[in-house]
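Each remark here refers to the structure printed beneath this line.
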Amino acid sequence: MKASIIWHTPEPEKTIATAMRRCYSTKPLQEIQAELDEKGEDYWRHLIGLALRDKSFDVIEHFCLEVLLEGLKEGEVGNITMVYPFAHFLSLGGDSWLLSVNARTLLEMWHSSEHKHLVHTITDAMKEKGIGAIYSSVAFGGS
Amino acid sequence: MQLVLLWHTDHEAIKKVLESKGVHPHKEALLRHMVYMFSIEDISRVTTHQLIRHRVASYDQESQRFSSASRESFVIPPSIAERPEAVKLYDEALQVAAKTFEAMIALGVPKEDARYVMPHAIKTKLVMTLSGWSLKHIAELRTAPEAQWEIRELVSKMYQMAADATPDLLQQD
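As given, the protein sequences belong to chains P and U, one line each in that order.
If you count by the numbering used here, then the first sequence holds residues 7 to 149, one letter each, in order.
If you count by the numbering used here, then the second sequence holds residues 1086 to 1258, one letter each, in order.
Encoded structure:
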């Protein structure tokens, strides 16, 4: 199976950190984002770590990806569609699919033995393009 | 009410893949692959209660465990604003609630419990991410004349912003 990342949320780690701070801050978004810029990537990593530790998975739902998958069987597509409400597939003919998915769904799929291989293929494609490296190191331990 | 469209899926990137595969999907199918993230500020909790009933979307909202209240922190519905006697009653009730909130905190009641006294009129802030399909569905329901004024205004603006950003996919007014 092959995965190619077509598009992803810009600055995914900053987006997750923004969502996290939105819950705990009374400040307007502009001020939250200025604060996040000032504190930098280590702080974003810290917030992502807290969110995952506390199982506040809603904040990682804002990290979205559009993925081209080649070599994925229709049966597996059916299984994923039935279980995960944020995974949307579009058939491109044969065993090629366009998948719209968020980081929460990927994490949940990673924890299921059934779809772990698919998530590995996607995270490898992310790694290749340097997408969400900080997030992946926190969520998947650098895998 | 303040609304910002923070980002959306690059429609051109998807179009390129579809063209390379010779696939021409229906617009509705394509909308499931378009994602939009909004920042929404200064709407009432009345409206966010209505908004989060739309489940296939991602929400992160300012927690009242950390926020404080002031007279400027409340939304005044137009039907109240246009009636001076109603404004007076509304103001008095909100002031009592806000003062009680502060007094309970001064007594050592944690904010997470003191907030139980706060009215639904209190302003809130959130970020929301949803697909184009969900946005279109929400707009169909919440921009209808039967919908309440505040959510109608919010969803109309959200839809308009998304339509301006991706006019090929969402119909503009």
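C-beta: ideal position from N, C-alpha, C; glycine also.
{"Query": "Of the residues GLU1113/U, THR1094/U, LEU1255/U, which one's Cα is nearest the Cα of TYR1121/U?", "Result": "THR1094/U"}
{"Query": "Tell me which same chain residues have a C-beta within less than 6 Å of the C-beta of PHE63/P, skipping the five on either side of it?", "Result": "ARG110"}
{"Query": "ILE12/P to MET1246/U, Cα distance in whole Å?", "Result": "23 Å"}
{"Query": "Any Cβ of chain U within less than 8 Å of the Cβ of THR87/P?", "Result": "no"}
{"Query": "Do the CB positions of SER1129/U and MET1213/U come within less than 8 Å of each other?", "Result": "no"}
{"Query": "According to a CB-to-CB cut-off of less than 8 Å, which residues of the segment 7-23 of chain P neighbour chain U?", "Result": "ILE12, TRP13, THR15, PRO16, THR21"}
{"Query": "From the DSSP output, which residues share a beta bridge with TYR1121/U?", "Result": "HIS1093/U, LEU1215/U"}
{"Query": "Run through chain P and tell me which residues come within less than 9 Å of VAL1202/U, C-beta to C-beta.", "Result": "The contacting residues do not exist; VAL1202/U stays about 18 Å from chain P at best."}
{"Query": "Just the C-alpha distance for VAL144/P and PRO1230/U, rounded to the nearest angstrom, thanks.", "Result": "47 Å"}
{"Query": "If you follow the alpha helix (DSSP H) that TYR90/P is in, where does it begin and where does it stop?", "Result": "Unbroken run through TYR90/P: none, as it is neither H nor E."}
{"Query": "Give the secondary structure of ALA1224/U by DSSP, where H, G and I count as helix, E and B as strand, and everything else as coil.", "Result": "helix"}
{"Query": "With DSSP as the reference, please indicate the residues paired to TYR1144/U in a beta bridge.", "Result": "MET1213/U"}
{"Query": "Ignore the nearest five residues each way along the sequence and tell me which others in TRP1092/U's own chain have a CB closer than 6 Å to its CB.", "Result": "MET1122"}
{"Query": "Closer than 8 Å, Cβ to any Cβ of chain U: which residues of the segment 47-68 of chain P, in chain order?", "Result": "ASP64, VAL65, GLU67, HIS68"}
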